[in-house]
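Participant: Letter by letter, the sequence shown follows residues 32 to 475 in my numbering. From the three backbone atoms N, C-alpha and C, an ideal C-beta is built for every residue, glycine too. I'd like to ask you about the structure that follows.
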Amino acid sequence: MSRFTARALIPSRVRHRIGPLLFSQAVFSRACRALGPVLAGRLCAWFARPPARSGPGPTYLFIARDVAYKDIEQLRLHSRGTWISFSQSLLFQAQLAWLPSDFFAQLEFQERLRSDPTIRSEPSLRFALALMCALRTRYGIDAVLSSNVDYAQDEFVRQACRQLGIPFVVLLKEHVNTAYGERVWSEEYMRTGYRYEGDAVAVFGPRTREILIAHDVCAPDVIHVTGPPRFDAWATAPQPATVDTVVLCAFSHPGQEGAAAFPEVLRAFVALVPTRPDLVFVVKCRDHYEVDRVVGMLGEVVPHGLTVTHEVPMSSLLSRAVLVAGFGSLALVEALYSPAEVVSIRFGGCTDDEDVQFDERESEVARIVRFAHSAPGLGAMVRTVAAAPVHPEHDDRIALLHRFFCAPQPSHSAALDVALESSVLGLSRRSPAPQATGASALKS
């Protein structure tokens with residue numbers, strides 16, 4: 032058993048057996064329906080997770096899913112605010128008490144609310160109002176954040192915030208760095224005519240801002256380029272004692288670019304494990320659903336020397352990685368901060384024409400990122416990678432990151448503070464933030 036397995040498997044087994052049962056439509060959604068929207072909203076408010084310490088600035092509620100928790104972790108360390116997290120999955124399960132599951136398709140829900148008389152929106156809005164009133168009373172919420180402009184799960188919270196006078200903001204967790212990625216987003220916005228109706232959007236880089244403006248998703252003056260708060264971890268990351276890990280970022284989710292090629296890439300990766308017994312091989316998954324999918328591809332047996340996990344934080348893996356491979360993942364871009372060789376897959380159907388992060392045809396990218404055009408090519412890279420890689424192009428890596436996103440000023444979390452406090456809340460950074468009603472227990 033590798034060093035990551037014992038820590039990862041035990042929590043996963045508990046969650047796999049108990050969590051999906053309790054927070055399923057069969058149990059949790061029915062319980063919410065039985066309680067009614069108001070009591071269900073008050074009940075769900077108890078599942079908010081306050082931080083261990085509060086900041087001197089405003090208090091924010093972040094409705095989070097998957098990688099957005101990485102941003103919350105860094106905001107709790109580097110922002111002036113107090114960041115309370117709330118699971119979007121829980122929000123989704125609660126609303127299944129009143130809404131059909133097919134309502135929650137991204138981008139599609141807005142038109143459906145306008146045109147489908149079978150959608151009963153009133154119970155979900157009453158639920159959201161009860162939830163937000165309870166959270167504001169308990170914590171003194173100054174603003175609510177979501178991690179995308181088009182999540183149906185958050186729509187009724189947005190409407191409740193509008194009624195209650197609470198700003199609703201997005202920290203957009205998705206970002207594209209290629210012409211292909213821009214084209215995909217553009218086609219979706221043109222197809223649906225989607226319009227964001229919140230108060231502001233913080234984006235990771237200028238390209239996302241340009242896409243939102245070009246398709247009139249929101250007005251230019253409500254968009255702020257802050258960069259990804261999750262990247263702030265690299266400013267204070269300690270030097271690892273050991274650099275000994277090879278990471279494959281899984282891309283197996285149905286509908287994800289390159290997903291059809293992933294089984295072939297996985298087989299090639301697994302075949303390399305015996306060739307470097309001095310290294311630790313890890314398949315990093317997005318969530319426990321992807322862990323199950325990958326283990327299924329392995330015939331339900333994880334080979335000796337390989338770990339399949341979603342529990343180990345990506346930053347921990349990257350800090351000790353000698354090589355990171357994958358396709359179309361923002362984690363691959365983040366890996367440019369690390370000591371690792373960064374390898375973008377280009378076989379099994381993975382091409383430049385479907386990669387939202389790296390385009391080998393761009394000379395600056397091709398000079399810094401390596402591209403594996405075959406399974407043997409990936410094998411040669413892994414077999415020959417140095418145990419302690421040295422990158423003379425380190426400054427070029429940082430310059431590419433700053434072009435893709437933006438330079439931290441002095442951190443991405445601080446840039447988000449400025450956007451929220453000056454543009455959304457109208458607070459001056461030169462004066463203390465006012466104490467929010469109901470927050471004394473948290474801020475004392």
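Looking at the structure shown, is E372 part of a helix, part of a strand, or coil, going by DSSP?
Facilitator: For the purposes of this step, residue 372 is identified with residue 341 of the sequence shown, where counting begins at 1. Strand.
Participant: Contact between the region 298 to 313 and the region 330 to 349: three or more CB pairs below 8 Å?
Facilitator: Yes: at least three Cβ pairs fall under 8 Å.
Participant: In the DSSP assignment, the alpha helix (DSSP H) including T415 goes from what residue to what residue?
Facilitator: For the purposes of this step, residue 415 is identified with residue 384 of the sequence shown, where counting begins at 1. Counting along the chain, the alpha helix (DSSP H) containing T415 begins and ends at 406 to 415.
Participant: Specify the secondary structure class of F312 as computed by DSSP and reduced to three states.
Facilitator: On the sequence shown, position 281 is the one that residue 312 refers to. Three-state DSSP puts F312 in a strand.
Participant: Here's the rule: buried if 16 or more other CB atoms are within 10 angstroms of the residue's CB, otherwise exposed. What is H425?
Facilitator: In the sequence shown, the residue the question calls residue 425 occupies position 394. Exposed, since its Cβ has fewer than 16 Cβ neighbours within 10 Å.
Participant: Any contact between the region 111 to 123 and the region 81 to 101? By contact I mean 3 or more CB pairs, one from each, below 8 Å.
Facilitator: A contact exists between the region 111 to 123 and the region 81 to 101.
Participant: When the cut-off is 8 Å and only beta carbons count, does V416 lie next to chain D?
Facilitator: Protein chain content of the structure displayed is limited to a single chain, and chain D is not contained in it.
Participant: What residues match up with F93 in a beta bridge as DSSP calls it?
Facilitator: Counted from its first residue, the sequence shown places residue 93 at position 62. Paired residue(s): S116, L176.
Participant: So, using beta-carbon positions, are Q190 and A159 closer together than 8 Å?
Facilitator: The residue labelled residue 190 in the question sits at position 159 within the sequence shown. The residue labelled residue 159 in the question sits at position 128 within the sequence shown. Yes, the pair counts as a contact, with Cβ atoms nearer than the cut-off.
Participant: Taking the straight line between their C-alpha atoms, what separation do you get for V355 and V277?
Facilitator: As a position in the sequence shown, residue 355 is number 324, starting the count at 1. As a position in the sequence shown, residue 277 is number 246, starting the count at 1. About 6 Å.
Participant: Of all the options P148, D133, G357, which has the alpha carbon lying nearest to the alpha carbon of E288?
Facilitator: In the sequence shown, residue 288 corresponds to position 257, counting from 1. Looking at the Cα atoms, G357 is the closest of the given residues.
Participant: Would you kindly work out how many angstroms separate the C-alpha atoms of S350 and P154, rounded to a whole number?
Facilitator: If you number the sequence shown from 1, residue 350 lands on position 319. If you number the sequence shown from 1, residue 154 lands on position 123. Their Cα atoms are separated by approximately 46 Å.
Participant: Under a three-way DSSP split, which group does K474 fall into?
Facilitator: For this step, residue 474 is matched to residue 443 along the sequence shown. Because the pLDDT at K474 is just 36, under 50, the model does not fix this residue reliably, and the point stays unresolved.
Participant: DSSP beta-bridge partners for F199?
Facilitator: Working through the sequence shown from its first residue, we reach residue 199 at position 168. F199 pairs with V175.
Participant: Mapping the DSSP letters down to three states, classify V256 as helix, strand or coil.
Facilitator: Within the sequence shown, residue 256 is the residue found at index 225, counting from 1. Three-state result, V256: strand.
Participant: Let me make sure I understand the geometry here. Which of D390, R398, L432, G379 has the alpha-carbon closest to that of G408?
Facilitator: The residue labelled residue 408 in the question sits at position 377 within the sequence shown. The shortest Cα separation from G408 among D390, R398, L432, G379 belongs to G379.
Participant: In chain order, what residues of the same chain lie with their CB nearer than 8 Å to the CB of R151, ignoring the 5 residues before and after it?
Facilitator: For this step, residue 151 is matched to residue 120 along the sequence shown. Same-chain partners within the cutoff: W129, L130.
Participant: If contacts are defined as beta-carbon pairs under 8 Å, then P260 and D102 qualify, I think. What distance do you get, rounded to the angstrom?
Facilitator: Residue mapping note: residue 260 aligns to position 229 of the sequence shown, counting from 1. Residue mapping note: residue 102 aligns to position 71 of the sequence shown, counting from 1. Yes, they are in contact, since the Cβ atoms of P260 and D102 sit about 4 Å apart, within 8 Å.
Participant: For P370, count the other beta carbons within 10 Å of its own beta carbon; 16 or more makes it buried, fewer makes it exposed. Which is it?
Facilitator: Along the sequence shown, one-based indexing puts residue 370 at 339. So P370 ends up on the buried side.
Participant: Roughly how far, in whole angstroms, is the beta-carbon of A161 from the beta-carbon of P68, given that I think they are within contact range, below 8 Å?
Facilitator: As a first step, residue 161 is located in the sequence shown; it is residue number 130 there, counting from the start. As a first step, residue 68 is located in the sequence shown; it is residue number 37 there, counting from the start. A161 to P68, Cβ: 6 Å. Contact.
Participant: Within the same chain, show all residues whose beta-carbon is closer than 6 Å to that of R428, passing over the 5 residues directly before and after it, in chain order.
Facilitator: Sequence index remark: in the sequence shown, residue 428 carries index 397 (1-based). Excluding residues within five positions, the ones whose Cβ falls inside 6 Å are L367, I399.
Participant: Where does the unbroken alpha helix (DSSP H) through A210 begin, and where does it stop?
Facilitator: As a working note, residue 210 is residue 179 in the sequence shown. A210 -> alpha helix (DSSP H) spans 210 to 223.
Participant: Label M163 either buried or exposed according to how many other C-beta atoms from any shown protein chain fall within 10 Å of its C-beta, with 16 as the threshold for buried.
Facilitator: Position 132 of the sequence shown, counted from the start, is the residue given in the question as residue 163. M163 is buried by the Cβ-count criterion.
Participant: Have a look at F123 and F199 and give me their C-alpha separation to the nearest angstrom.
Facilitator: Walking along the sequence shown from the start, residue 123 turns up at place 92. Walking along the sequence shown from the start, residue 199 turns up at place 168. Looking at the two C-alpha atoms, the distance is approximately 18 Å.
Participant: So who's on the other strand from V339, going by DSSP bridges?
Facilitator: Taking the sequence shown and counting its residues from 1, one reaches residue 339 at position 308. V314, per the DSSP bridge assignment.
Participant: Whole alpha helix (DSSP H) runs in the region 228 to 275 with 4 or more residues, listed along the chain?
Facilitator: With a minimum length of 4 residues, the continuous alpha helix (DSSP H) runs that stay inside the region 228 to 275 are 237 to 245.
Participant: Between L138 and T223, is the Cβ-Cβ spacing less than 8 Å?
Facilitator: Within the sequence shown, residue 138 is the residue found at index 107, counting from 1. Within the sequence shown, residue 223 is the residue found at index 192, counting from 1. Closer than 8 Å, so yes.
Participant: Measuring alpha carbon to alpha carbon, tell me which residue in Y100, R214, E452 is nearest S177.
Facilitator: Start at 1 with the first residue of the sequence shown, and residue 177 comes out as number 146. When only C-alpha atoms are compared, the closest one is Y100.
Participant: Might you give, ordered along the chain, the residues of its own chain that have their beta carbon closer than 8 Å to the beta carbon of V353, omitting 5 neighbours on each side?
Facilitator: Within the sequence shown, the letter at position 322 stands for residue 353. Cβ neighbours of V353 beyond the five flanking positions: V274, D275, T276, V277, L310, P370, A371, E372, V416, A417, A418, A419, P420.
Participant: Among the residues of its own chain, which have a CB less than 7 Å from the CB of C484, if the five just before and after it don't count?
Facilitator: This structure cannot settle anything about residue 484, because the visible part of the chain is limited to 32 through 475.
Participant: Inspect the beta-carbon positions of T257 and H443 and report whether they are closer than 8 Å.
Facilitator: Indexing the sequence shown from 1 puts residue 257 at position 226. Indexing the sequence shown from 1 puts residue 443 at position 412. Cβ atoms of T257 and H443: closer than 8 Å.
Participant: How many Å lie between K204 and A233 at the Cα?
Facilitator: In the sequence shown, residue 204 corresponds to position 173, counting from 1. In the sequence shown, residue 233 corresponds to position 202, counting from 1. When rounded, the distance between both Cα atoms is 9 Å.
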